[in-house]
Amino acid sequence: MTALDRTGRTTRRAGPGGGPAIETSGLVKTFGETRAVDGIDLTVPAGTVYGVLGPNGAGKTTTVRMLATLLKPDGGEARVFGHDVLHEADTVRGLVSLTGQYASVDEDLTGTENLVLLGRLLGHGKRAARERSGQLLEAFGLSEAAGRQVKNYSGGMRRRIDIAASILNTPDLLFLDEPTTGLDPRSRNQVWEIVRAVVAQGTTVLLTTQYLDEADQLASRIAVIDKGTVIAEGTKGELKASVGGGTVHLRLREAEQREKAAHVLSGVLGVQAALDPDPLALTARVGDGGRGAAEQAGRVLAELAQHGIVVDNFSLGQPSLDEVFLALTDRTTAPRTSAEDRNGRKNQKEAVA
1 MTALDRTGRT TRRAGPGGGP AIETSGLVKT FGETRAVDGI DLTVPAGTVY GVLGPNGAGK
61 TTTVRMLATL LKPDGGEARV FGHDVLHEAD TVRGLVSLTG QYASVDEDLT GTENLVLLGR
121 LLGHGKRAAR ERSGQLLEAF GLSEAAGRQV KNYSGGMRRR IDIAASILNT PDLLFLDEPT
181 TGLDPRSRNQ VWEIVRAVVA QGTTVLLTTQ YLDEADQLAS RIAVIDKGTV IAEGTKGELK
241 ASVGGGTVHL RLREAEQREK AAHVLSGVLG VQAALDPDPL ALTARVGDGG RGAAEQAGRV
301 LAELAQHGIV VDNFSLGQPS LDEVFLALTD RTTAPRTSAE DRNGRKNQKE AVA
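Structure follows, in structure tokens:
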């Protein structure tokens with residue numbers, strides 16, 4: 001039994017008839033003349049990770065703050081486990097917890113002191129609060145740092161203590177608002193494993209992110225939000241299938257033929273092939289212009305053979321989430337992957353756990 005198992009919670013609340021964790025209809029929030037959230041409809045199944053994907057300023061955080069009862073909606077309805085967030089706010093607050101984008105713990109206290117203090121505020125006795133705090137510190141890999149002030153923690157450790165604080169009382173619904181922004185790969189993977197463990201114990205997680213790979217790794221369903229509106233929703237497979245087409249991946253026998261192969265692909269598909277760092281590899285989108293991806297892929301192979309280009313490996317895959325986002329929003333730049341974000345922060349000190 002892991003420390004996360006020892007929560008004392010054996011059942012989960014659900015909406016009427018075992019309904020969804022979250023339901024929203026036409027949710028609206030305005031700030032002055034800005035309509036930050038513009039009629040959002042969501043249905044979040046209980047016991048899952050639900051991803052809300054979108055660029056900065058899309059309305060993700062505002063939506064979460066309304067669902068967590070921190071902001072009042074200006075229109076529409078929202079229910080958490082069947083309870084109205086506006087008229088039953090106290091009940092909703094007893095069901096949810098939120099880890100925001102910024103540290104919520106006291107940096108001058110130690111990891112143990114923070115969790116024990118929160119435990120006492122939540123109604124645990126002193127002994128129970130210390131026991132629960134120790135379990136969470138162990139589960140989150142923070143036992144050795146339990147006696148250190150949080151201000152001396154790395155970025156990854158701070159995110160972990162934040163999430164530990166959020167699940168101290170074993171919430172039915174946990175909001176994670178961009179939990180891995182700016183973290184290095186090791187810390188990011190640790191947070192991902194924690195999210196999976198929390199969901200395995202029955203907590204529903206609503207995860208907002210601007211990282212395509214994070215949504216791909218964690219979420220069973222994803223809502224794509226842009227300009228305050230849900231522009232697409234479904235499983236990863238459904239979203240990828242919705243835009244049609246696919247991606248051809250080629251690996252050539254000879255690197256000298258790559259430029260010629262790229263010219264062939266451009267002629268058949270009408271799009272420019274992408275040249276991979278591997279000098280033998282290139283990729284291109286297929287399935288545009290109303291023709292099926294498989295049909296176009298067959299034409300590519302035939303044309304390559306006709307030009308004497310030897311292909312050692314050929315595959316046709318679904319479009320990536322990057323391509324889905326670009327197709328849905330007609331943007332020239334998709335939200336960043338976490339790797340791209342780290343490269344953009346190369347002059348900043350990495351947060352290594």
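Numbering (our numbering), first residue to last: 1 to 353.
For each residue, glycine too, the CB sits at the ideal point set by N, CA and C.
Being a predicted model, the structure only gives us computed values, none of them experimental.
query                                                                                                                                                          : result
Is it buried or exposed for A302, if we count other Cβ within 10 angstroms and need 16 for buried?                                                             : exposed
Give me the Cα-Cα distance between T48 and G202, rounded to the nearest whole angstrom.                                                                        : 8 Å
Taking the beta carbon of T10 as the centre, do at least 16 other beta carbons fall within 10 Å, making it buried, or is it exposed?                           : Because T10 carries a pLDDT of 40, less than 50, the predicted location of this residue cannot be relied on, and no value is offered for it.
According to the neighbour-count rule (16 or more other Cβ atoms, all chains shown, within 10 Å of its Cβ), is E33 buried or exposed?                          : exposed
E214 lies in the alpha helix (DSSP H); which residues open and close that run?                                                                                 : 212-218
Name the two residues that bound the continuous beta strand (DSSP E) containing T365.                                                                          : Outside the shown range of the chain, which is 1 to 353, sits residue 365, and nothing can be said about it.
With a threshold of 16 other CB atoms inside 10 Å of the CB of G18, please say whether the residue is buried or exposed.                                       : exposed
Would you call Y211 buried or exposed, if buried means 16 or more other Cβ atoms sit within 10 Å of its Cβ?                                                    : buried
Starting from D278, trace the beta strand (DSSP E) both ways and give me its first and last residue.                                                           : Element bounds for D278: n/a, residue is neither H nor E.
Of all the options G57, F175, P179, L173, which has the alpha carbon lying nearest to the alpha carbon of R158?                                                : P179
With C-beta atoms as the reference, is L269 less than 9 Å away from A281?                                                                                      : no
Please report how far the alpha carbon of L362 lies from the alpha carbon of H307, in whole angstroms.                                                         : Outside the modelled stretch of the chain, which goes from 1 to 353, sits residue 362, for which no answer is possible.
Check the C-beta distance from R160 over to V191 and give it rounded, since I have them as a contact under 8 Å.                                                : 7 Å
Leaving out five residues on either side along the sequence, give the residues of the same chain with a beta carbon under 7 Å from the beta carbon of L86.     : K72, P73
Give, in chain order, every unbroken run of the beta strand (DSSP E) that is at least 3 residues long and sits entirely within the segment 44-129.             : 49-53, 75-80, 96-99
For the putative contact between L27 and A223, defined by C-beta atoms under 8 Å, what is the C-beta separation to the nearest angstrom?                       : With 8 Å as the limit, L27 and A223 do not qualify as a contact, their Cβ atoms being about 12 Å apart.
Straight-line CA distance for I225 to P55?                                                                                                                     : 8 Å
Please identify the residue among E254, E323, A293 whose C-alpha is closest to the C-alpha of N313.                                                            : E254
Can you find the residues in the same chain that come closer than 8 Å, C-beta to C-beta, to T91, ignoring five residues on each side of it along the sequence? : H83
Would you check if there are 3 or more beta carbon pairs closer than 8 Å linking the segment 124-144 to the segment 100-109?                                   : no
What's the call for A200, buried or exposed, on a 16-neighbour Cβ count within 10 Å?                                                                           : exposed
Suppose you measure from the CA of S357 to the CA of L176; what does that come to, to the nearest Å?                                                           : Absent from the model: residue 357. The displayed extent of the chain is 1 to 353, so no value can be given.
Between the Cα of G100 and those of A165, G237, S133, F81, spot the shortest distance and give me the residue it belongs to.                                   : A165
To which residues of the same chain is L218 closer than 7 Å at the C-beta, ignoring the five residues directly before and after it?                            : V49, G51, W192, V195, L207
Going by CA-CA distance only, name the one from V264, G111, V271 that's closest to G245.                                                                       : V271
In chain order, what residues of the same chain lie with their CB nearer than 7 Å to the CB of A262, ignoring the 5 residues before and after it?              : A273, L275, L282
Below 8 Å on the Cβ atoms is my contact criterion, and I expect I22 with L95 to pass it. Report the Cβ-Cβ distance as a whole number of Å.                     : Going by Cβ atoms, the distance from I22 to L95 rounds to 11 Å, so no, they are not a contact pair.
Within 10 angstroms of the Cβ of D38, are there 16 or more other Cβ atoms? Answer buried if so, exposed if not.                                                : buried
Please state if the CB of V248 and the CB of A297 are separated by a distance shorter than 9 Å.                                                                : yes
To test your reading of the DSSP string, which unbroken alpha helix (DSSP H) runs of 4 or more residues are found completely within the segment 221-245?       : 236-242
Helix, strand or coil: how does DSSP classify G182 here?                                                                                                       : coil
Keeping to the same chain, check which residues put their C-beta closer than 6 Å to that of L321; ignore five residues upstream and five downstream.           : L212, D216
Can you grab the Cα-Cα spacing for the pair P20 / E233, in whole Å?                                                                                            : 15 Å
Do you know offhand how far L142's Cα is from E113's?                                                                                                          : 13 Å
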